Amino acid sequence: MSTKQKAQVIMPILFLYQMRNHRHEYRIAINNTLDLMPAHLRSFLLKDFALKCDPDWWREYYSRSNYYRTRARAIDLFLNCLTVQRML
Numbered sequence: 009m010s011t012k013q014k015a016q017v018i019m020p021i022l023f024l025y026q027m028r029n030h031r032h033e034y035r036i037a038i039n040n041t042l043d044l045m046p047a048h049l050r051s052f053l054l055k056d057f058a059l060k061c062d063p064d065w066w067r068e069y070y071s072r073s074n075y076y077r078t079r080a081r082a083i084d085l086f087l088n089c090l091t092v093q094r095m096l
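When you number the sequence shown by the working numbering, it's gap-free, plus one each residue, and the end is 96.
#1: Roughly how many whole angstroms lie between the Cα atoms of R31 and F23?
#2: For K60, which of helix, strand or coil comes out of DSSP?
#3: What residue does the alpha helix (DSSP H) around L53 start on, and which one ends it?
#4: Is L85 near L49, with beta carbons less than 8 Å apart?
#5: Just to confirm my understanding: we take A58, look at its own chain, exclude 5 residues before and 5 after, and list those with CB closer than 8 Å. What are they?
#6: What's the gap between the Cα of Q13 and the Cα of M19?
#7: Short of 7 Å in beta carbon distance, which residues of its chain neighbour A15, apart from the five on each side in sequence? Order them along the chain.
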């Protein structure tokens with residue numbers, strides 16, 4: 009699965025996560041998944057997918073290539089942690 013396809017999987021998950029009225033169990037599962045991630049990748053993922061940030065928020069922190077590399081790492085790690093979380 010490409011990073012673009014993985015991002016399409018993550019977008020609705022984190023969109024629902026940010027909605028306050030979504031099921032409590034769902035939010036707990038996502039919180040636990042995010043807690044398994046290093047802080048900088050968790051923050052990156054939330055800024056990129058869940059929070060209402062400027063779409064160009066990353067420009068002052070990353071070069072374009074580093075942004076996409078970090079994004080791919082964050083997406084992969086989130087999906088891996090989500091899988092581990094479901095196994096626990």
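All C-beta atoms in this analysis are idealised placements derived from N, C-alpha and C, irrespective of residue type, glycine included. Because the structure is a prediction, the values reported are computed rather than measured.
Per the coordinate set shown:
#1: Position 23 of the sequence shown, counting from 1, holds the residue named residue 31. Position 15 of the sequence shown, counting from 1, holds the residue named residue 23. Each residue's alpha carbon lies about 13 Å from the other.
#2: Against the sequence shown, residue 60 aligns to sequence position 52. Here K60 sits in coil by DSSP.
#3: The count along the sequence shown starts at 1 and reaches residue 53 at position 45. From DSSP, the alpha helix (DSSP H) with L53 extends over 47–53.
#4: Here residue 85 corresponds to residue number 77 of the sequence shown, with the count starting at 1. Here residue 49 corresponds to residue number 41 of the sequence shown, with the count starting at 1. Yes. Within cutoff.
#5: Reading the sequence shown from its first residue, position 50 is the one you call residue 58. Excluding its 5 nearest sequence neighbours in each direction, A58 has C-beta neighbours in its own chain below 8 Å: L22, F23, Y25, Q26, listed in chain order.
#6: The count along the sequence shown starts at 1 and reaches residue 13 at position 5. The count along the sequence shown starts at 1 and reaches residue 19 at position 11. In this model, Q13 and M19 are separated by some 10 Å (Cα to Cα).
#7: For this step, residue 15 is matched to residue 7 along the sequence shown. So the qualifying residues of the chain are I83.
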